[in-house]
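> Numbering (the working numbering), first residue to last: 3 to 566. Take this structure, written in structure tokens, and hold onto it; I'll ask about it next.
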Ligand code: C2E
Ligand code: CA
Ligand code: CA
């Protein structure tokens, strides 16, 4: 007896609210083994019981359709009250629409009729566990802007659903509102937020029966957990159409990444990483809107994960090597070695030589590029010092500064101390910044460039002409040297337009007194033409590919022999 009482005391209290006695009793039967069950016949009675702080209910199972005060109203009342809000509510329904509405109103879950005992027990258990374990974060379970779940809660919820529903075929969908930054910029933040709220509201409407749950994972990115289906083209077109038709809404484009028929053994986060990887393939793409996760992408992401995983060890063991490509001054009778560009190479112990084209963009995406660039800068600075000591002259080296480095608040200090540590002047370590970084955040970049120039550093604008920047921006942006994008040089002999553009750029640069470096020069004819147009500095396979430092010294020695 004593034993029984003790057990009973430990049981959590659950309130079942339903106007039909048969339902109350079915539920009582299902859960009374593990819980102390109380019942109420309508919302009013329930509210009184829940408000009694001595009762300390752990959960409320709530029917939606009842006389006096119905379930929706009770939910509303609970939400208004600081204390009552914490009692989790599972709604008892049979209609999809009501579920969605109830969940929006703060219900933690739903159970559909007819009641399957295992499902009821599992959901009750889970929700109590969740509410107790996560009480602290309960206010952050929902995204304030859209009232959808947060990503964390979404993941937890899915795990919970799948505990007793693993046989259903499921798709993981990532939906992105394209060019969201532009919407914000052109129409204002308010409109941007409205677009997100509309999206949150319309996704369940459009996906209708297929949908299970949705969350907002990032600014303009939504994660959808839904039953497997095939008509994503139709759904996204419909959603896009509805979104654009909302009052005062700009035209909205969405892109989707779909990981269909997920393997349920793959953990939830990974599934959405995969769908996200897929969505990124078509983000902002005007011709394609949906990308399905496939084997190729799978291999690619596994390969990329491997590269990321091997990064630290490769830095520590110096599997990364800095190569140097000479730049020649062609203004005199004979070309003269004037400087070099440091270019990174990865000599991976198992994968062999990997080109920066494969890992630089990847490391730019996850920030590792900062560490890599610092490694390159250090190597290059030490190299300049060594050559200076060995040959008694300075070969300035340009290093690449990634768009991510611009946000490093210590960038100037870091570069400055490199100079100090190696006894160099700012003239000897040039900085190449790609043109598209200017477009990312022109203000921040201009500020940084100005600070660096004040310290005496010279800045080369890399890949000039490759992006969106216009010629007239040259006049307003601080830069010391232009590096013409390789494709101009490569097309110059083939098409008239490229040739004309090169001429125009040379003219403007000349007018502004900015020297131009032509890179990617492979043929004698190109050199001749560039020289005629007033270009003095050439980099390209014509002179040499990027080579390891041991090999680069032959260029220095050749100069020395010539008496330069
Ligand atoms: P980039 O800065 O525009 O570098 C020039 C690229 O053109 C180099 O490719 C170089 O090997 C290649 N190149 C030079 N001359 C010729 C030529 O005559 N013909 C052809 N077809 N190509 C030529 P690489 O070394 O594969 O580097 C690719 C890109 O990776 C670089 O473009 C740069 O954006 C990035 N990168 C390389 N090293 C670093 C680094 O240390 N840090 C950062 N952030 N990015 C780097
Ligand atoms: Ca470069
Ligand atoms: Ca370049």
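Backbone N, C-alpha and C define an ideal beta-carbon position, used for all residues, glycine too. Treat the numbers as computed from the prediction; the structure is a model and nothing was measured.
(1) In whole angstroms, what is the alpha-carbon distance linking residue 130 and residue 194?
(2) Thinking C-alpha only, which one of 562, 439, 427 is nearest residue 387?
(3) Give the DSSP-derived three-state secondary structure of residue 452 in the structure shown.
(4) Does DSSP put residue 350 in a helix, in a strand, or in coil?
(5) Residue 398: beta carbon under 8 angstroms from a heavy atom of ligand 1?
(6) Considering residue 431, what are the terminal residues of the beta strand (DSSP E) in which it resides?
(7) What three-state label does DSSP hand residue 465 in the structure shown?
(8) Does the region 249-269 come into contact with the region 285-298, if we say contact requires no fewer than three beta-carbon pairs (one atom in each stretch) closer than 8 angstroms?
(9) Mind checking residue 407: buried by the 16 CB within 10 Å criterion, or exposed?
(10) In or out: residue 268 buried (at least 16 other Cβ within 10 Å) or exposed?
(11) In the DSSP assignment, the alpha helix (DSSP H) including residue 402 goes from what residue to what residue?
(12) In the region 469-537, which residue ranges form an unbroken alpha helix (DSSP H) of at least 4 residues, counting only runs that do not cross its ends?
(13) Considering only heavy atoms of ligand 3 and the C-beta of each residue, which residues fall inside 5 angstroms, strictly closer?
(14) What three-state label does DSSP hand residue 52 in the structure shown?
(15) Can you give the Cα-Cα distance for residue 57 and residue 76, rounded to whole angstroms?
(16) Is it right to say residue 513 is buried, meaning 16 or more other beta carbons lie within 10 angstroms of its own, or is it exposed?
(17) Assign residue 422 to one of two classes, buried (16 or more other C-beta atoms within 10 Å of its C-beta) or exposed (fewer than that).
(18) Keeping to the same chain, check which residues put their C-beta closer than 6 angstroms to that of residue 141; ignore five residues upstream and five downstream.
(19) Give me the Cα-Cα distance between residue 186 and residue 382, rounded to the nearest whole angstrom.
(20) Mind checking whether the beta-carbon of residue 442 lies closer than 8 angstroms to any heavy atom of ligand 1?
(21) Taking only three categories from DSSP, how would you classify residue 114?
(22) To the nearest angstrom, report how far apart residue 318 and residue 446 are at their CA atoms.
(23) Below 8 angstroms, is the gap between the Cβ of residue 311 and the nearest heavy atom of ligand 1?
(24) Could you tell me whether the region 86-94 touches the region 108-115, where touching means 3 or more Cβ pairs closer than 8 angstroms?
(25) Buried or exposed, going by whether 16 or more other CB atoms sit within 10 Å of the CB of residue 69?
(26) If you draw a straight line from the alpha carbon of residue 546 to that of residue 419, how long is it in whole angstroms?
(27) Between residue 355 and ligand 1, is the CB less than 8 angstroms from at least one heavy atom?
(28) Beta-carbon within less than 8 angstroms of residue 2's beta-carbon, same chain only, minus the 5 sequence neighbours each way: which residues are those?
(29) Tell me the start and end of each unbroken alpha helix (DSSP H) in the region 45-89 that is at least 4 residues and wholly inside, in chain order.
(30) Which residues mark the beginning and the end of the beta strand (DSSP E) in which residue 257 is found?
(31) Just grab the DSSP bridge partners of residue 93 for me.
(32) For the alpha helix (DSSP H) containing residue 153, list its first residue and its last residue.
(33) Between residue 212 and residue 231, which are expected to be in contact by the criterion C-beta below 8 angstroms, what is the C-beta distance as a whole number of angstroms?
(34) Counting only the same chain and skipping the five closest in sequence on each side, list residues whose C-beta sits under 6 angstroms from that of residue 452.
(35) Give me the Cα-Cα distance between residue 224 and residue 86, rounded to the nearest whole angstrom.
(36) What's the call for residue 556, buried or exposed, on a 16-neighbour Cβ count within 10 Å?
With the structure as the only source:
(1) As a first step, residue 130 must be located in the chain shown, where it is residue number 128. As a first step, residue 194 must be located in the chain shown, where it is residue number 192. So the two alpha carbons sit approximately 36 angstroms from each other.
(2) Mapped onto the chain shown, residue 387 falls at position 385. That would be 427, whose Cα lies nearest to the Cα of residue 387.
(3) Locating residue 452 in the chain shown gives position 450, where the first residue counts as 1. The answer is helix: DSSP assigns residue 452 an H, G or I state.
(4) Taking the chain shown and counting its residues from 1, the one referred to as residue 350 is at position 348. Three-state DSSP puts residue 350 in a strand.
(5) To locate residue 398, count along the chain shown from 1; it is residue 396. No, since every heavy atom of ligand 1 falls outside the 8 angstroms radius drawn around the Cβ of residue 398.
(6) The residue given as residue 431 occupies position 429 in the chain shown. First-last of the beta strand (DSSP E) with residue 431: 431-436.
(7) Here the question's residue 465 lines up with position 463 in the chain shown. It is a strand residue.
(8) yes
(9) Within the chain shown, the letter at position 405 stands for residue 407. When all chains shown are included, residue 407 counts as buried.
(10) On the chain shown, position 266 is the one that residue 268 refers to. Per the 10 Å Cβ criterion, exposed.
(11) Here residue 402 is taken as the residue at index 400 of the chain shown, counted from 1. It is not in any alpha helix (DSSP H) - residue 402 instead sits in the beta strand (DSSP E) that spans 399-403.
(12) The qualifying runs are 475-478, 488-494, 498-514, 526-534.
(13) That gives 464, 465.
(14) The count along the chain shown starts at 1 and reaches residue 52 at position 50. Helix at residue 52.
(15) By 1-based counting over the chain shown, the position of residue 57 is 55. By 1-based counting over the chain shown, the position of residue 76 is 74. Those two C-alpha atoms are separated by around 18 angstroms.
(16) Position 511 of the chain shown, counted from the first residue, corresponds to residue 513. Label assigned to residue 513: exposed.
(17) Counting from one through the chain shown, the residue named residue 422 turns up at place 420. Burial call: exposed.
(18) Taking the first residue of the chain shown as 1, we reach residue 141 at position 139. In this predicted model, residue 141 has a pLDDT of only 49, less than 50, meaning its place in the structure is not dependable enough to derive any value.
(19) Here residue 186 corresponds to residue number 184 of the chain shown, with the count starting at 1. Here residue 382 corresponds to residue number 380 of the chain shown, with the count starting at 1. The alpha-carbon atoms of residue 186 and residue 382 are separated by roughly 41 angstroms.
(20) On the chain shown, residue 442 is found 440 positions in, with the first residue counted as 1. Answer for residue 442: no, Cβ out of range of ligand 1.
(21) Residue 114 sits at position 112 when you count from the first residue of the chain shown. Strand, per DSSP.
(22) On the chain shown, residue 318 is found 316 positions in, with the first residue counted as 1. On the chain shown, residue 446 is found 444 positions in, with the first residue counted as 1. Near 32 angstroms, if we compare the C-alpha coordinates of residue 446 and residue 318.
(23) By 1-based counting over the chain shown, the position of residue 311 is 309. The answer is no for residue 311.
(24) yes
(25) Position 67 of the chain shown, counted from the first residue, corresponds to residue 69. It is exposed - the Cβ of residue 69 has fewer than 16 other Cβ atoms within 10 Å.
(26) Within the chain shown, numbered from 1, the residue matching residue 546 stands at position 544. Within the chain shown, numbered from 1, the residue matching residue 419 stands at position 417. Rounded to the nearest whole angstrom, the C-alpha separation of residue 546 and residue 419 is 31 angstroms.
(27) Within the chain shown, numbered from 1, the residue matching residue 355 stands at position 353. For ligand 1, not one heavy atom lies less than 8 angstroms from the Cβ of residue 355.
(28) No answer is possible for residue 2: the residues shown for the chain start at 3 and end at 566.
(29) 45-53, 73-82
(30) The residue labelled residue 257 in the question sits at position 255 within the chain shown. Run containing residue 257: 256-261, per the beta strand (DSSP E) assignment.
(31) Position 91 of the chain shown, counted from the first residue, corresponds to residue 93. Answer by DSSP bridge pairing, in chain order: 64, 112.
(32) Indexing the chain shown from 1 puts residue 153 at position 151. Element bounds for residue 153: 153-164.
(33) The sequence position of residue 212 within the chain shown is 210, counting from 1. The sequence position of residue 231 within the chain shown is 229, counting from 1. The C-beta distance from residue 212 to residue 231 rounds to 5 angstroms, short enough to fall under 8 angstroms.
(34) Sequence index remark: in the chain shown, residue 452 carries index 450 (1-based). Result list for residue 452: 480, in chain order.
(35) As a first step, residue 224 must be located in the chain shown, where it is residue number 222. As a first step, residue 86 must be located in the chain shown, where it is residue number 84. Those two C-alpha atoms are separated by around 30 angstroms.
(36) The residue labelled residue 556 in the question sits at position 554 within the chain shown. Classification for residue 556: exposed.
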